[in-house]
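In UniProt numbering, the protein residues as written are 1 to 370.
To keep things clear, I will list the structure first and then write my remarks on it.
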């Protein structure tokens with residue numbers, strides 16, 4: 001079965017070594033080639049202040065493969081307690097990686113509006129369980145008092161902006177101007193975007209623009225977030241071919257017929273990432289955005305922009321899959337442990353109420369670790 005997947009689509013633990021509880025493992029991209037990219041895995045003891053062991057909990061890496069690759073680092077600890085926010089009356093097994101990859105876009109209607117959502121399709125004989133719609137209440141319960149950091153390029157910004165809108169009390173829509181601000185400053189050392197969401201659950205979503213990830217370890221060592229989402233794919237290859245919607249066979253035909261665009265390298269480069277993770281003994285799960293994105297060429301931002309999306313559907317679907325894994329593996333003990341943590345910096349929102357610009361007096365706070 002593919003890396004990160006066991007039979008019947010049940011997620012496994014990768015090839016994690018439980019014999020080294022004193023180490024935390026971090027992943028970053030160190031080089032991109034025509035064939036793909038390479039990861040470097042660093043190990044530090046929990047006692048090392050730069051290793052990120054302040055919460056007294058272990059770590060699990062959740063890896064998400066979109067047309068780019070994403071790594072999500074979730075703080076937790078080993079526990080026998082059951083995950084919260086799951087329907088105990090539904091005994092169907094949770095959908096795994098293959099079930100989600102086999103999914104399709106389904107039309108849905110909310111009020112007078114018609115849209116689409118990504119729905120899983122069981123890869124085995126037994127139906128599996130998946131919440132296709134992002135559940136704000138479940139996310140806020142599971143991630144209470146958590147700092148979630150998104151690090152990457154403009155496609156990572158789409159996922160970040162989607163998560164802010166899905167979890168903010170007032171459905172805050174961040175404008176492109178905010179992203180342009182941090183992109184320009186990002187080339188000069190970076191500006192963070194910070195939005196506090198989920199009301200009293202106090203979840204903090206942070207975005208930091210970077211084309212490469214060489215600088216990630218520096219600010220992670222200062223005050224590690226409880227979850228980290230990184231874009232580790234190559235910025236120049238994130239294109240979606242123009243073609244039929246919701247038909248993976250035809251879309252793969254378009255890919256094969258247009259080698260000049262390097263679209264056929266998507267799967268190969270994602271597999272390189274999985275191979276590196278597997279050889280690193282890092283515990284991981286996989287969220288695939290390749291199948292989600294390639295079947296929605298209609299969401300492209302414009303006829304001349306096949307890189308970005310004019311609709312939030314794809315980013316919303318990726319966040320729903322991310323939440324699915326959080327619901328599967330984050331335990332009540334995990335939630336309790338992080339809820340007691342005290343951060344030593346101000347986690348207030350540094351974007352104005354309209355979402356159109358940064359609150360400049362709050363951007364360069366001296367106590368801010370990222």
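We put the CB at the ideal spot given by N, CA and C, even for glycine.
- Every alpha helix (DSSP H) of 4 residues or more that sits fully in the stretch 102-153 is shown, in chain order, as 136-142.
- When only Cα atoms are considered, residue 327 and residue 139 end up about 8 angstroms apart.
- For residue 200, there is no enclosing beta strand (DSSP E), as DSSP marks it with neither H nor E.
- The beta-bridge partner set that DSSP reports for residue 204 consists of 147, 196.
- For residue 302, the enclosing beta strand (DSSP E) covers residues 300-302.
- For residue 163, the closest C-alpha among the options 204, 261, 304 is that of 204.
- Only exposed fits residue 200, as fewer than 16 other CB atoms lie within 10 angstroms of its CB.
- Inter-residue distance for residue 286 and residue 323 is about 12 angstroms (C-alpha atoms, whole angstroms).
- If you check the CB distance, residue 154 and residue 355 do not come in under 8 angstroms.
- Scanning the stretch 243-329 from its first residue to its last, the whole alpha helix (DSSP H) runs of 4-plus residues come out as 248-257, 265-279, 290-294, 313-329.
- Counting other Cβ atoms within 10 Å of its Cβ, residue 357 stays below 16 and is therefore classed as exposed.
- DSSP places residue 226 outside both helix and strand once states are collapsed to three, so it counts as coil.
- When beta bridges are read from the DSSP output, residue 209 appears opposite 152.
- In the three-state reduction of the DSSP assignment, residue 166 falls in the helix class.
- For the pair residue 226 and residue 151, the CB atoms are not nearer than the 8 angstroms cut-off.
- Assignment of residue 94 by DSSP, reduced to helix, strand and coil, places it in the strand class.
- Among the bridge pairs identified by DSSP, residue 358 is matched with 351.
- A direct Cα-Cα distance of roughly 14 angstroms separates residue 299 from residue 118.
- Rounded to whole angstroms, the gap between the alpha carbons of residue 142 and residue 330 is 7 angstroms.
- Comparing alpha carbon positions, the residue from 102, 133, 92 closest to residue 110 is 133.
- Between residue 289 and residue 301, the C-beta spacing is not below 8 angstroms.
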